[in-house]
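Enquirer: Residue numbers (my numbering): 1 to 218.
(1) From which residue to which residue does the alpha helix (DSSP H) around residue 111 run?
(2) So residue 100 is in the beta strand (DSSP E); what residue range does that whole segment cover?
(3) Taking the alpha-carbon positions, what's the residue 89 to residue 182 distance?
(4) Is the Cβ-Cβ distance between residue 32 and residue 19 less than 8 Å?
(5) Which two residues bound the contiguous beta strand (DSSP E) that contains residue 201?
(6) Per DSSP, what kind of secondary structure is residue 145 in: helix, strand or coil?
(7) Under a three-way DSSP split, which group does residue 192 fall into?
(8) Hey, out of 126, 197, 106 and 68, whose CA is closest to residue 166's CA?
(9) Exposed or buried, residue 172, counting other C-beta atoms within 10 Å across all chains shown (16 or more means buried)?
(10) Given residue 42, which residues of its chain have a CB within under 8 Å of its CB, disregarding the five upstream and five downstream residues?
(11) Check residue 165 in the structure and name its three-state DSSP category.
(12) Quick check on this structure: which residue in 199, 21 and 180 has the alpha carbon closest to the alpha carbon of residue 85?
This is the structure:
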């Protein structure tokens with residue numbers, strides 16, 4: 001589906017099912033992620049960060065609601081925000097393999113969806129890329145990163161991922177997608193697994209990044 005057709009489809013959906021603010025559920029303009037009040041609590045991510053926004057205000061509220069409030073529908077506006085974080089580099093990543101950060105099967109069964117995969121699905125068509133929703137495997141169940149400090153987070157996910165099928169990523173540019181980067185430990189571990197699996201390069205993209213975390217996109 002081309003960009004014009006995608007826009008027409010999104011417009012039609014917005015007319016039939018009016019868009020709601022991803023943070024407070026107020027009615028918003030078509031293709032807007034937040035209402036003006038909630039948008040005023042957001043802040044752009046620093047230049048060079050692989051994110052659209054800082055993880056604060058309405059951005060953090062929406063991500064928490066999506067993950068822990070059973071709101072997979074929020075992947076639509078948040079995925080569009082994620083696209084903004086890579087749009088300026090999209091030309092050089094056209095045709096990339098798009099891989100979401102995986103959940104352990106037990107957590108996936110508990111949540112019912114992988115929020116990173118839903119976000120990735122919103123950007124893959126715009127890149128004219130190859131979607132590999134199961135490109136990475138989480139080899140062991142790990143404690144939630146939110147309960148750990150920086151060093152414990154890195155140790156928690158070290159070696160916890162592997163490429164499912166090396167033929168999918170070998171020699172390819174890979175776009176690695178997640179919802180939020182706090183310390184970057186999970187993204188680092190996934191990127192290492194992709195490179196070990198033969199990926200030629202890895203670009204990271206998240207909706208939001210923690211204010212203290214200043215990272216580059218690749």
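Heads up, the beta-carbon is just placed ideally off N, CA and C, and yes, glycines get one too. Computed from a predicted structure; not experimentally measured.
Expert: Reading it off the structure:
(1) 105-111
(2) 97-100
(3) Each residue's alpha carbon lies about 22 Å from the other.
(4) yes
(5) Residue range 201-209 is occupied by the beta strand (DSSP E) that includes residue 201.
(6) In this prediction, residue 145 scores a pLDDT of 48, lower than 50, which makes its location untrustworthy; the coordinate-derived value is nonetheless stated afterwards. Helix.
(7) helix
(8) Out of 126, 197, 106 and 68, 197 has the C-alpha closest to the C-alpha of residue 166.
(9) With 16 or more other Cβ atoms inside 10 Å of its own Cβ, residue 172 counts as buried.
(10) Correct list, in chain order: 34, 53, 54, 56, 57, 58 and 59.
(11) coil
(12) 180
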